[in-house]
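Participant: Top to bottom, those sequences are chains Z and B.
Residue numbering for the first sequence is 1 to 426, as defined by the numbering used here.
Residue numbering for the second sequence is 1001 to 1432, as defined by the numbering used here.
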Amino acid sequence: MNFCHLQHKAQVPGGVRWTSSCRPAPLLTASPVRALIDDKISIRGHFLPPRCPVTVCAQMQSDDGDLWEAFAHFNTNSDGTVNLTRDPSVGGSYLGCEPMGLLWGLQPAPGAREGLRQGHVSPSERPSTELAAVTAERWYMAPGVRRIEIRQNGVVGTLFLPPGPGPFPAMLDMWGMGGGLVEYRSALFASRGYASFSLAYIGHKDLPGPQNRINVGDPYFNSAFQLLQDHPQVYPDRIGIIGLSFGVYLTLRLASHSGIKPSCLICINGPAGSTIKLTDADGKTEQMENDQKYWTYDDQGNVSFRAVSLPANLSPESKVKLEHLTCPLMYIVGEDDLSASSIENANLIEETLSAAGKSQLFTRLSYPGAGHLIEPPYTPNSRASLWSVKPQKLVTLWGGHLAPHAAAQEDSWKKILEYMETNLRH
Amino acid sequence: MSMKPLCVKLSVQPSRGLVDEKFTVLVQNLLPGFQLTVHALHQCEDGHSWEAFAHYTADATGTVNVSQDPSLDGTYSGVEPMGLLWSLRPVPGSKSGLRMRKKNVQTPMVVTISVYQGHQMEGFLDRVLLASVVVERWYMAPGVRRVPITDGKLTATLFLPSGPGPFPGLLDLWGNGGKLVEYRAALLASHGIASMALDYLTPQITKETGKIVDNDYFETAYRVLEQHPQILGSRIAMLGLSFGTSVTLRMAVYSQVVKLSCAVCISGSHVQPIGGSVEEILSYFKKNADKTRFDENKQVICRDLLLPIPTDPSLKVDMGRLQCPLMLVVGEDDQNWPTYECAMDMKEMMERAGNSHLLTVLSYKNAGHLIEPPFMPFARASTFKTVTNPPTKVMVLWGGELVAHSRAQEEAWRKTLVFLRENLYGSMKHGA
């Protein structure tokens, strides 16, 4: 999907239907009405009754048709306005002054849209009068960004190129064991002027072998990096690598190869090694059931994968030779990560680099209350989600609490872009 | 270690904006003192290419910020944040007399902003291109609905803002060129006003019957707005440009049906045979056609057709009877209508009658006739096809000077929106 439509609605108390009054409905504005996912927007209500309770809601329909909602309660000020950049929410999906709270606070709506609400009322309560609405578009791709499907030299991925002649600095972008192809971070990088290549390595129909295993090894990741270097619109000596979760291991492993010289690495909540025993020198993996002995369960039967990546549980031969790293590395930690042992792995990487006299290469960003999936900002976040349905339904815990996780996403994204600017453009 | 080549970064924020939104063009990672040209290119719907460009020198931090730094030369100079748009002109070799007007408002205007090395004046396609981005400029905000209207034999398009309403309404009238011109109404709806663009010179009914519409056509349009379930019947305005102001003033003062909350008249006149039909107003103008002048480029100057301002009260709308707030927008260099003289006469009439507190006049030195929404290219003259039978194509001189006219458009639009918002959304003060 190229973009999502977001409807912001303002609702006030009272059974009076607005249409019979002699005033027009209040005016709800959003600026900019068309923005990239990581842009801030300013939402305002005008011509509301003064000093009056009002609820502002956001609704978004996802790709799969699910409805997401967030709401916040305000009291309008004496001139009948509400301004989400200035005014605090006194209840709802978030509290306090949070200009982007209606976006990062989006949660799956209970059933079909409840409709309208009165005063300070939560969405699941009785209908009330909807006053005003404004629609905003949130885009992953800036105009002119080109999306190119790559199926070349056995490599499976999607390349996003910014508009213009290039050449551009570039990023290789890898996600976790959830598999498939997650494109939107790359799309955003391209919208910010970087060529970016989302690489698939598990759970994709165009990759060899069964989809529940990694069937590619070191040559595959080397080819992907090479593909970027060889691209006529990419600066071969200005390529960075970003990895989330298991993508961190792949990032570190690739970067420690002698032939590969990235300009920088960005690692989010992932391990420096793997529990999966390596069967051959080129890194082809074995069955992943070995991991299960490290899974822990809460009293609802939800699984946490955290212990799988504890340094003590990682196989020694899989641990990346971090002392061979020659480029700057930024490691981002969600301190409430329930899916990976991020703090411990950050420590391991820092200690190893320090021992090798390379501590100046290491930067750590650490966020209390943030979970595993630290993604671009202003996107909804879940503390847990469905991981698999076979052989039985399994819900996995990511960790993170709503507001601190949102703050982590906002801050880390800004710092990621600055880091890329410093290391890839100068 | 080898020296890395410059990694120039060009960004335009926002990359998708409404037509009346400002943007910031930033070029970074240059060497201090680096000379560059920022270039804008747009291909409009009829295939013509338009371009603008400006010369800049990077500052000590290696940056050029178009909103803050002066252009040294080009299609504009000095500090002009939006100069890349309003100074767009047809590329060399184009037909003369072009005027840019968007027909399809459901798609954006796409502009390519590029950076070239050095201070270039022409031949851009052959120069070293450093970076390039694409910018979209929209007339319609997301959620705005476009509704073709044929009720009551009207030829119109209604634009409804996002949301349940009810919204204030507005009837939007253009001038003698006829046709259904939607872009201003679409933009007004993007600002929360349900706006109907009305074709009143070349509507379907006129094509079928051969007759020009009369007052009841406009009253029907007003009624369609008034009765619309999402429009508040007690808050309706009219906005007219050029001949559209003649209709607006007539309706505002004399119609028993049309009750306006306010009116905006751009580049217009109150001079018309009152009590006559719309067709009679057109004939009145044509009667004075011998007063048409031509400038040194053989461009048609029509402003004398309505001069001198008549003293005969049957030839001017009785402005003393106006009961709603009125904003007049005047270009003092208008070569097509004697807008300034008419505005002064209207003011005088209202001062004598004691209702001049309703009047606001925005008057702009060196602005011409076509005062439109901001940041669009300026045409001092353009080819104009008359709606007469048979139609004739002439080169009409609108007047105005590029910079002053562009500034006037920006300020007039902003003030028009404030005026409309105050009168349509604010607490009731007058009239209706």
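Just so it is clear, CB atoms sit at the ideal spot from N, CA and C, and this is done for glycine as well.
Runs of 4 residues minimum, wholly inside the segment 1258 to 1311 of chain B: which ones carry the alpha helix (DSSP H) assignment?
Facilitator: 1278 to 1287
Participant: I need the straight-line Cα distance from residue 408/Z to residue 336/Z, nearest angstrom please.
Facilitator: If you take the alpha carbons of residue 408/Z and residue 336/Z, they lie about 11 Å apart.
Participant: From 1310/B, 1289/B, 1309/B, 1307/B, pick the residue whose C-alpha is nearest to that of residue 1300/B; which is it?
Facilitator: 1289/B
Participant: On the criterion of 16 or more Cβ atoms from any shown chain inside 10 Å, does residue 230/Z qualify as buried, or is it exposed?
Facilitator: exposed
Participant: Is the CB of residue 1135/B under 8 Å away from at least one CB in chain Z?
Facilitator: yes
Participant: Which residues in the same chain have their Cβ closer than 6 Å to the Cβ of residue 187/Z, if we skip the five residues on either side of it in sequence?
Facilitator: Result list for residue 187/Z: 140, 141, 160, in chain order.
Participant: My output table needs one value for residue 405/Z: the three-state DSSP class, helix, strand or coil.
Facilitator: helix
Participant: Quick one: does residue 118/Z have its CB under 8 Å from some CB of chain B?
Facilitator: Because the pLDDT at residue 118/Z is just 24, under 50, the model does not fix this residue reliably, and the value given afterwards should be weighed accordingly. For residue 118/Z, not one C-beta of chain B is nearer than 8 Å to its own C-beta.
Participant: Does DSSP put residue 101/Z in a helix, in a strand, or in coil?
Facilitator: helix
Participant: Drop a sphere of 10 angstroms on the beta-carbon of residue 437/Z, count the other beta-carbons inside from all chains shown, and report buried for 16 or more, exposed for fewer.
Facilitator: Nothing can be reported for residue 437/Z: it is not among the residues displayed for chain Z, which extend from 1 to 426.
Participant: Do residue 184/Z and residue 168/Z have their CB atoms nearer than 8 Å?
Facilitator: no
Participant: As a quick exercise: from 154/Z, 151/Z, 42/Z, 425/Z, pick the residue whose alpha carbon is nearest that of residue 102/Z.
Facilitator: When each option's Cα is compared against that of residue 102/Z, the closest is 42/Z.
Participant: So residue 177/Z and residue 199/Z are supposed to be a Cβ contact under 8 Å. How far apart are they, rounded?
Facilitator: Not quite, the Cβ-Cβ distance comes to about 14 Å (not below 8 Å), so this is no contact.
Participant: Helix, strand or coil for residue 132/Z? Go by DSSP, reduced to three states.
Facilitator: In the structure shown, residue 132/Z sits in a strand (DSSP, three-state: E or B).
Participant: Comparing alpha-carbon positions, which option in 189/Z, 105/Z, 138/Z, 109/Z lies nearest residue 146/Z?
Facilitator: Looking at the Cα atoms, 189/Z is the closest of the given residues.
Participant: With a CB to CB cut of under 8 Å and the five nearest residues on each side skipped, what residues in its chain are close to residue 1089/B?
Facilitator: 1050, 1051, 1052, 1075, 1377
Participant: Whole angstroms are fine: how far does the CA of residue 362/Z sit from the CA of residue 388/Z?
Facilitator: 35 Å
Participant: Going residue by residue through the segment 280 to 355 of chain Z, where are the continuous beta strand (DSSP E) segments of at least 3 residues, counting only ones entirely within it?
Facilitator: 329 to 334
Participant: Along chain Z, in chain order, which residues have C-beta atoms closer than 8 Å to that of residue 1358/B?
Facilitator: Chain Z residues near residue 1358/B: none, gap ~20 Å exceeds 8 Å.
Participant: In whole angstroms, what separates the C-alpha of residue 1281/B from that of residue 70/Z?
Facilitator: Distance between the alpha carbons of residue 1281/B and residue 70/Z is about 56 Å.
Participant: What is the rounded straight-line gap between the Cα of residue 1292/B and the Cα of residue 1303/B?
Facilitator: 8 Å
Participant: Is it buried or exposed, residue 405/Z, if we count other Cβ atoms within 10 angstroms and call 16 or more buried?
Facilitator: buried
Participant: Tell me whether residue 1040/B sits in a helix, a strand or coil according to DSSP, three-state version.
Facilitator: Reduced to three states, the DSSP call for residue 1040/B is strand.
Participant: Counting only beta-carbon separations shorter than 8 Å, does residue 137/Z have a partner in chain B?
Facilitator: yes
Participant: On the criterion of 16 or more Cβ atoms from any shown chain inside 10 Å, does residue 14/Z qualify as buried, or is it exposed?
Facilitator: Since pLDDT at residue 14/Z reaches only 34, below the 50 mark, its modelled position is unreliable, and the value read off the structure follows with that caveat. By the beta-carbon neighbour count (other beta carbons within 10 angstroms, threshold 16), residue 14/Z is exposed.
Participant: Just to confirm, is the Cβ distance from residue 1335/B to residue 1397/B under 8 Å?
Facilitator: yes
Participant: Looking at chain B, is there any beta carbon in it that lies within less than 8 Å of the beta carbon of residue 351/Z?
Facilitator: It does not: the Cβ of residue 351/Z has no partner Cβ on chain B nearer than 8 Å.
Participant: Under a three-way DSSP split, which group does residue 1146/B fall into?
Facilitator: Strand, per DSSP.
Participant: Please determine, among 1265/B, 1217/B, 1072/B, 1200/B, the residue with the shortest C-alpha to C-alpha distance to residue 1433/B.
Facilitator: Because chain B in this structure spans residues 1001 to 1432, residue 1433/B falls outside the shown range and cannot be described.
Participant: Please list the residues of the segment 1216 to 1250 of chain B that have a C-beta atom closer than 7 Å to any C-beta atom in chain Z, keeping them in chain order.
Facilitator: 1232, 1234, 1235
Participant: According to DSSP, residue 1384/B sits in a beta bridge with which residue or residues?
Facilitator: 1394/B
Participant: When DSSP labels each residue in this structure, what does residue 424/Z get in the three-state scheme?
Facilitator: helix
Participant: What is the DSSP secondary structure of residue 1138/B, reduced to helix, strand or coil?
Facilitator: strand
Participant: In terms of residues, what are the limits of the beta strand (DSSP E) holding residue 146/Z?
Facilitator: 146 to 152
Participant: So, helix, strand or coil for residue 88/Z, using DSSP?
Facilitator: coil
Participant: In terms of DSSP beta bridges, what is residue 1364/B paired with?
Facilitator: 1331/B
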